[in-house]
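Student: Chains as they are written, first to last, in my numbering: chain A, -1 to 199; chain B, 937 to 1109. To start, I am sharing the structure in question, which I have written as structure tokens.
Rendered as structure tokens:
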């Protein structure tokens, strides 16, 4: 069933909570929801683009040099994203800073290209790319929402106050790396708790 | 002979991929080059008019001379250096007598919520009206209060501004 390729990335094999890939940008960029959304769009473009191109040429890529080939394709897509973001959404580009170039080494992308797109037809790879990106977005936005609300006491997405005021005394620690680890740990614990209970039944 | 064939079989696809991506990148670079320059220029121009409101600027070697009503008021220049993480880039306005008019942080990558406070008016307003030699943290014998929890970032920007201001002072003397 083809649609499975799309939904598996969102829930069953969620890149963050199941595959545990791409944690580095996840920790760094999940301080604010708008940054998280911007990062997810970057990942979506790069992952779908690389998946489709690699899948198209999968028969011509010699297995001995497949990793260099993948990296060249991925790095090209990332550079394109970087250039266009710099020119057209400079504010977002400035806030995401070094993490755009670092999409190159985001293991979700190399991981999906190597494990999936280099073996499967184009249509499956396209759906896989979209699904994994949505899964990544769900994960990073969930973590960013918790961190933004707790660390700034409010939540503003692209200038709209979603939660005008949550607390007067926000916790700065949630902005810092420990806040990211704590949030991921708690969400993972909840997911595992649910899965274990389901298994027992 | 066999091994040469093998090398060719492996390398040709990789070379082709490199050529195609090189070409794609050249095209996208050309497409965005103009816009990126515009964006960067707008950033510089915006910060120039913040440090010397209402002035017009003449570009000199590596600073701008700020004119108000045809008279030279002072200099505006970009000061750049390493912060706690990444580069801090800031626009500085300085009167001819070596007093800072205003500073405006153009870009920085400090710790969100702590180090990023160096870009906020509460911190940057401290520089206005200070003489070059007082641009040091209080604990280093100057007149700038550091941000609690972000001493390294505070010291970095203070040093960056002072070093560059001294350079410009020497150049214009």
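Where a beta carbon is used, it is the ideal one built from N, C-alpha and C, also for glycine.
Please compile the residues from chain B whose C-beta is within a distance smaller than 8 Å of the C-beta of residue 97 (chain A).
Tutor: Within chain B, no residue comes near residue 97 (chain A); the closest Cβ sits about 10 Å away, beyond 8 Å.
Student: Check whether the Cβ atoms of residue 76 (chain A) and residue 102 (chain A) lie closer than 8 Å to each other.
Tutor: yes
Student: Is residue 979 (chain B) near residue 1042 (chain B), with beta carbons less than 8 Å apart?
Tutor: yes
Student: Do we get a CB-CB distance below 8 Å when we pair residue 951 (chain B) with the residues of chain A?
Tutor: no
Student: Is the shortest distance between the beta-carbon of residue 984 (chain B) and the beta-carbons of chain A less than 8 Å?
Tutor: no
Student: Please identify, using Cβ separations under 7 Å, the residues of the region 944 to 977 of chain B that lie next to chain A, in order along the chain.
Tutor: 945, 946, 949, 950, 953, 954, 957, 960, 961, 964, 965, 968, 971, 972 and 975
Student: Give a yes or no on whether the minimum CB-CB distance between residue 244 (chain A) and chain B is below 8 Å.
Tutor: What the structure shows of chain A is the stretch from -1 to 199, and residue 244 (chain A) is not part of that stretch, so it cannot be assessed.
Student: What in chain A is Cβ-close to residue 1017 (chain B), meaning under 9 Å?
Tutor: Per Cβ cutoff of 9 Å: no residues; residue 1017 (chain B) is ~17 Å from chain A at best.
Student: Which residue marks the beginning of the beta strand (DSSP E) containing residue 993 (chain B), and which one marks its end?
Tutor: 992 to 995
Student: So, is the C-beta of residue 16 (chain A) closer than 8 Å to a C-beta in chain C?
Tutor: Judged by its chain identifiers, the structure shown contains no chain C, and its protein chains are A and B.
Student: Which residue wins for smallest C-alpha separation from residue 42 (chain A), given the options A:65, A:134 and A:160?
Tutor: Taking residue 42 (chain A) as reference, the option from A:65, A:134 and A:160 with the minimal CA-CA separation is A:134.
Student: Can you check whether the CB of residue 144 (chain A) is closer than 8 Å to the CB of residue 161 (chain A)?
Tutor: Going by C-beta atoms, residue 161 (chain A) is not nearer than 8 Å to residue 144 (chain A).
Student: How is the beta strand (DSSP E) around residue 1065 (chain B) delimited, first residue to last?
Tutor: Premise fails: residue 1065 (chain B) is in no beta strand (DSSP E) and is neither H nor E.
Student: Against chain A, which members of the region 988 to 1013 of chain B pass a CB distance test of less than 8 Å?
Tutor: none
Student: Would the region 54 to 71 of chain A and the region 126 to 140 of chain A be scored as touching if the rule is three or more Cβ pairs under 8 Å?
Tutor: no
Student: Could you say which of B:957, B:1003, B:941 and B:1010 lies nearest to residue 1065 (chain B) if we only look at CA atoms?
Tutor: B:1010
Student: Under the three-state reduction of DSSP, which class applies to residue 118 (chain A): helix, strand or coil?
Tutor: Residue 118 (chain A): coil per DSSP, three-state reduction.
Student: I'd like to confirm the pairing. Which residues does DSSP put opposite residue 1015 (chain B) in its beta bridges?
Tutor: B:1026
Student: So which residues of chain A does residue 1090 (chain B) contact, with C-beta pairs closer than 9 Å?
Tutor: What residue 1090 (chain B) touches in chain A: nothing, since even the nearest Cβ is about 16 Å away.
Student: Using a Cβ cut-off of 8 Å (strictly closer), state whether residue 105 (chain A) contacts chain B.
Tutor: no
Student: Name the chain B residues whose beta carbon is nearer than 8 Å to that of residue 165 (chain A)?
Tutor: Chain B residues near residue 165 (chain A): none, gap ~15 Å exceeds 8 Å.
Student: Below 8 Å between beta carbons: does that hold for residue 49 (chain A) and residue 110 (chain A)?
Tutor: yes
Student: Are the region 1059 to 1076 of chain B and the region 110 to 120 of chain A in contact at 8 Å, needing three or more beta carbon pairs?
Tutor: no
Student: So residue 1028 (chain B) and residue 1100 (chain B) are supposed to be a Cβ contact under 8 Å. How far apart are they, rounded?
Tutor: 7 Å
Student: Anything in chain A within Cβ reach of residue 1047 (chain B), meaning under 8 Å, just list it in chain order.
Tutor: 173 and 174
Student: Can you check DSSP and say which residues form a bridge with residue 39 (chain A)?
Tutor: Under DSSP, no beta-bridge partner is assigned to residue 39 (chain A).
Student: Less than 7 Å between C-beta atoms, sequence neighbours within five positions excluded: which residues of the same chain meet that for residue 186 (chain A)?
Tutor: 15
Student: Between which two residues does the beta strand (DSSP E) harbouring residue 1039 (chain B) extend?
Tutor: 1036 to 1043
Student: Name the one or two DSSP bridge partners that residue 1003 (chain B) has.
Tutor: B:992 and B:1008
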